[in-house]
Amino acid sequence: MEIATSSIKNFTFSGHNSFQCRQLWLKKGYDYIIEENSFTDEKAVVKLGVGKNMVSAIRFWLKAFNVIDGKDNPTEFGFRLFDHDDGYDPFLEDEASLWLLHYQLIKNEMASIYSIIFNNFRKEKLLFDKEIFINYLKRIQDVNPELSFNENTVNKDFNVFVNMYKGDSSEIEDSFSGILSELDLLTTIGKGKEEKLQIENNLRNNLPDAIVLFIILDNPNYGNPISLNALEFDKNGPASIFALNRTGLLNKITDFMSNYKNITFTDHAGIKELQFKNKPDKFSVLDKYYGG
């Protein structure tokens, strides 16, 4: 799958100071902003209870996960998820919230590596490591000379990516694990120098169907109807984002159709399409899931 030239020009592989986002950072950062604090304030280190480099990392991840915007104001998504009184799941107790954050991280593209890997790279390389990924970027650069990247920066960014998703049983405290490690998206094959990483398409039984419906409704490129191929292969489509195989995707469609009678799936003459008689509001889907 080709990467659009406009996206290539905006690749970013830095901003987190080599810190993966930890479990409590987004809620802590959201509350900090809601209380009208500034990340540039000298007291930010004390109020957030972290080092100076971690302050800027928290700010970066809040933006990367679409919790705050470029002006450090809470986004609608950030408010709906993290608000202390009305948020869906301020302390991320429901795994569905982690799937939502995973989606926002990829869709937002502030941290480019996540969109590149889930939308493009993993579909070409079933097993990969840091060297294979960097060589992949070099091949893109050969075709698109405007792509400029520092190999050492990408090296560090890849390490952060792995730490974000890869669970580590040796960690003493869960708060030091990557925020998305519970999703089991990234698996390790082999040991030592032979170790490779894999993001394999499967059923994703731990992924709520409401989250799949939300991202379909959130995708501006999807009209009505939507072909099964688009849902399976498009950039930021559910199969790409969540590493769903076709059976898993069809299972999710069947599940959310049972809750929304105005959604149908048709198969006429081999043309498989998802159709909406009346499209629900995307956030109403989350309201219903979280019991709002």
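Counted the way my numbering counts, the sequence shown spans residues 346 to 637. Glycine is no exception: its CB is placed at the ideal position from the N, C-alpha and C atoms. Please read these numbers as outputs of a predicted model, since none were measured by experiment.
Beta-carbon proximity check, Leu576 vs Gly582, cutoff 7 Å:
yes
Phe463 and Ile451: beta carbons closer than 7 Å?
yes
Please work out which residues of its chain come closer than 7 Å, Cβ to Cβ, to Gln449, disregarding the five sequence neighbours upstream and downstream, and give them in chain order.
Phe410, Asn411 and Phe422
Could you give the C-beta distance for Ile477 and Pro419, rounded to a whole number, given that I count them as a contact under 8 Å?
The pair is not a contact, with the Cβ atoms about 38 Å apart (cut-off 8 Å).
Tell me which same chain residues have a C-beta within less than 7 Å of the C-beta of Asp417, skipping the five on either side of it?
Ile378 and Phe384
Whole-Å CB distance - Phe559 paired with Ser457, under 8 Å assumed
Wrong, their Cβ atoms sit about 23 Å apart, outside the cutoff.
Test item: CB-CB of Leu472 and Gln543 under 7 Å
yes
What residue range does the alpha helix (DSSP H) around His447 cover?
Glu440 to Asn453
Between Phe503 and the rest of its own chain, which residues show a CB-CB distance below 8 Å, the 5 nearest in sequence each way excluded?
Ile458, Lys475, Phe478 and Ile479
CB of Met509 within 7 Å of CB of Gln365, strictly
yes
Given a cut-off of 7 Å, decide if Leu443 and Glu527 are closer than it, judged by their beta-carbon atoms.
yes
Phe364 by DSSP, collapsed to three states: which one?
Phe364: coil per DSSP, three-state reduction.
Comparing alpha-carbon positions, which option in Leu619, Phe601, Lys627 and Ala441 lies nearest Asn569?
Leu619
Would you tell me roughly how many angstroms separate the C-alpha atoms of Lys392 and Tyr375, rounded to the nearest one?
Annotation: Lys392 to Tyr375 spans about 13 Å, alpha carbon to alpha carbon.
Of the residues Asn550, Pro625 and Gly535, the one placed nearest Asp563, counting alpha carbons only:
Pro625
Determine, using beta carbons only, whether Ile598 and Phe587 come nearer to each other than 7 Å.
no
Between which two residues does the alpha helix (DSSP H) carrying Thr592 extend?
Arg591 to Met602
Rounded to whole angstroms, what is the Cα-Cα separation between Phe405 and Phe494?
19 Å
Would you check if the distance between the CB atom of Ile524 and the CB atom of Gln368 is smaller than 7 Å?
Taking C-beta atoms as the reference points, Ile524 and Gln368 count as a pair closer than 7 Å.
Buried or exposed: Ser522, going by 16 or more other Cβ atoms within 10 Å of its Cβ?
So Ser522 ends up on the buried side.
Thinking just about the alpha-carbon of each residue, which of Val395, Asn574 and Lys388 is nearest to the one in His616?
The identity of residue 616 in the sequence shown is Ile, whereas the question assumes His. For Ile616, the nearest C-alpha among the options comes from Asn574.
Go to Glu618, then tell me how far its beta strand (DSSP E) extends in each direction, as first and last residue.
The continuous beta strand (DSSP E) containing Glu618 extends over residues Ile616 to Phe621.
Between which two residues does the beta strand (DSSP E) holding Phe463 run?
Here Phe463 belongs to no beta strand (DSSP E), and DSSP marks it neither H nor E.
Run of the alpha helix (DSSP H) containing Lys627, from where it starts to where it stops
First-last of the alpha helix (DSSP H) with Lys627: Lys627 to Tyr635.
For Ala441, which residues in the same chain have their Cβ closer than 6 Å to its Cβ, ignoring the five residues on either side in sequence?
Leaving aside the five residues that flank Ala441 on each side, the residues in its chain whose CB is nearer than 6 Å to its CB run, in chain order, Pro553 and Ile556.
Would you identify the three-state DSSP class for Asp414, choosing helix, strand or coil?
coil
Is the beta carbon of Asn336 less than 7 Å from the beta carbon of Lys622?
As shown, the chain starts at 346 and ends at 637. That puts residue 336 outside it, with no answer to give.
Here's the rule I'm using: 16 or more other beta-carbon atoms within 10 Å means buried, otherwise exposed. How should Gly636 be labelled?
The residue in question, Gly636, is exposed, as its Cβ has fewer than 16 Cβ neighbours within 10 Å.
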